[in-house]
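J.: Take this structure first; my questions come after.
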Amino acid sequence: MVGVPRSTGCQLCRKRRVKCDEVRPECGNCRKYGADCPGYDRGIKFVSGKHVIRQRKKAGVSESSVSSKEGSPFSAASSRSASTKGSSPASESTTSSMLLRSPGPNRGDFVSTIVASVKADISKADVSGFLSWCEMNKLGEKAVLDGAMCSLALHLVGKENKDDGIVAHSRTIYGHSLVQLQTSLRHATEWKQSETLCAAMLLCIFELFAGTNSSDSWLMHARGIGTLIEQRGPAAHADGWDAAMILAFRGVLIMCDMFFPIGEDCFLSRPEWKPIIRDGGRHILHPADHLVHTIHTIDEFFERLAEMPSVLAPAYVLRESKAMGTLRQPEDVKIAALALRSIEIRRLFNAWFDKFTTIAPLPYDIPSQDPDSPFDFVLQYKMSWMGSMYVGYWACLLILQEALVQCEWPEEIEQSRGELVRNILRSVETVGAGTMGPYRVGFGIRIAYEFASAESQLWVRRVLDRFTKTYAATDKATYPEPRTDDGGYS
């Protein structure tokens, strides 16, 4: 039987079935026709199945069981063997440039396989609602979406498996995808496409986990996404994929307005947007077995949360003006309005909490497994997402009560701040576990830190050091220095 030829030419010449002069770093054919030479390494491939990577067979051994017509253009970015030891700047550049070229027939399947690897590596409880809003059938059509999805998925897989090579490749793809996103946003029609919005969200989530120029770069990116959503208008997000995206991202948008405010309120709290951030029992984002009552309760939590920036921003200004002894403080009318707004939002939150406890049982004590924990017992929840909402509710109560204290409002505090702080901190060990844990407790732990004792703050900072390894947004550099007085709660 005649042997099967094994061309050693560049990938593009092999694909075109033309003779390659094999000049490096780029062959003569590619240079002649102005094409980006993809290089000579065939690399290795992701194989759908058990999510393991199979090495290319050695020369002379049959490859019929594992080879395909052409290697995936993402191969170099995904291979575990192309880790810190085996990768090179040239191979990373080749991978990234090919990623952003015109869509190839295998690209969508390849990115989908990486996403499947994420779901296999990360526990189902962590990831089930995290990527459920992404339309996988859209992959392979637009490079901007494929690159964003690939960079995030590779980062999560690399972090979960402690593979620095995959993490490094994810950052390379992220950089090129960001350029592609900027190009789409400047385009006359592409800026309003669903794929562009999805890519922007995925890259923002990448920044939450990986960090880029700084640990809070996600805030600037999220601000831009909020502006993009506003310009697209409520009608563009009323149903379908666009509705799923805004439902999945509403928490990030609200957090952005809390920690990076530019106005009096969050745009999602306005009348025209309130219906848009409600699933309303349509199961757009939620699994089919979620009861409609459960979905309505979750929707109401985010509706209440969207009102918090209108309290947090002016309360912070008032507190800082008092702390600095500034003579120019808000007018009495504005202070009274802030107090009344805080009381009303707290009333609505407490009414919501009564409904929430009918679907989410109260937490119970279990012994701590963390030798560094200051608590002998920590709080355990039926499900992680329930714990995240408990923590978010307590954090909001802390903000509202602090606003009333700063307003010097003559009212008895219903629930002590010390109890709220302890509840949040005792939830960190359980709700904050896993790859998605810091994402669930990030808001609550940041608020509790403001009211914690010096000893508790130091413990929180040690927790943040662990979190930052997988979730850059919790970098302690964005936190105030620990207090030096005897105040706070522990």
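Positions 1 to 490 (UniProt numbering) are the ones given, in order, by the sequence shown. Every residue, glycine too, gets a C-beta built ideally from N, C-alpha and C. The structure displayed is predicted, hence computed values, not measured ones.
1) According to DSSP, D365 sits in a beta bridge with which residue or residues?
2) Could you please give the first and the last residue of the uninterrupted alpha helix (DSSP H) stretch that includes S342?
3) So, does the segment 382-397 touch the segment 440-448, judging by three or more C-beta pairs under 8 Å?
4) Specify the secondary structure class of Y316 as computed by DSSP and reduced to three states.
5) Please name the residue or residues paired with Y489 in a DSSP beta bridge.
6) Which of the three DSSP states, helix, strand or coil, is assigned to D257?
7) Hey, is the segment 395-406 in contact with the segment 461-481, meaning 3+ C-beta pairs nearer than 8 Å?
8) Report buried or exposed for K322, applying the criterion of at least 16 other Cβ atoms within 10 angstroms of its Cβ.
9) Between the Cα of Q406 and those of R426, T474, E320 and G434, spot the shortest distance and give me the residue it belongs to.
10) Taking the straight line between their C-alpha atoms, what separation do you get for T430 and Q457?
11) From the DSSP output, in three-state form, read off residue 492 for me.
12) Given this structure, state the Cα-to-Cα distance separating D163 from P438, to the nearest angstrom.
13) How far does the alpha helix (DSSP H) with K15 in it reach, from first residue to last?
14) Taking 7 Å as the cut-off, decide whether the C-beta atoms of E207 and F267 are in contact.
15) Do I254 and L285 have their C-beta atoms closer together than 7 Å?
16) Provide the residue span of the alpha helix (DSSP H) that contains C396, from first to last.
17) Distance check for E135 and T357, CA to CA, integer angstroms please.
18) Tell me which same chain residues have a C-beta within less than 7 Å of the C-beta of F377, skipping the five on either side of it?
19) Looking at G147: is its Cβ nearer than 7 Å to the Cβ of Q182?
20) Going by DSSP, what residue range makes up the alpha helix (DSSP H) through G158?
T.: In short, the structure shows the following:
1) Per the DSSP secondary-structure output, D365 pairs in a beta bridge with L379.
2) Start and end: D332 to F356.
3) Enough Cβ pairs lie closer than 8 Å, so yes.
4) It is helical.
5) Looking at the DSSP output, Y489 shares a beta bridge with A452.
6) D257 carries a helical assignment under DSSP once its states are collapsed to helix, strand and coil.
7) Three or more Cβ pairs closer than 8 Å define a contact, and the segment 395-406 falls short of that threshold against the segment 461-481.
8) Around the beta-carbon of K322, fewer than 16 other beta-carbon atoms lie within 10 Å, marking it exposed.
9) Considering only alpha carbons, the answer is E320.
10) Going by the C-alpha atoms only, they are around 18 Å apart.
11) The structure shown does not extend to residue 492, since the chain spans only 1 to 490, so no value can be given for it.
12) Their Cα atoms are separated by approximately 20 Å.
13) In the DSSP assignment, K15 falls within the alpha helix (DSSP H) that extends over Q11 to R16.
14) In this structure, F267 does not lie closer than 7 Å to E207 by Cβ.
15) No, these two residues do not count as a Cβ contact at 7 Å.
16) Run containing C396: S384 to Q406, per the alpha helix (DSSP H) assignment.
17) About 33 Å.
18) The beta carbon of F377 sits closer than 7 Å to the beta carbons of D365, I366, P367 and S368 from its chain, once the five residues preceding and following it are set aside; these are given in chain order.
19) Contact annotation: G147 and Q182 have beta-carbon atoms that are not nearer than 7 Å.
20) Where G158 is concerned, the enclosing alpha helix (DSSP H) starts and stops at A143 to E160.
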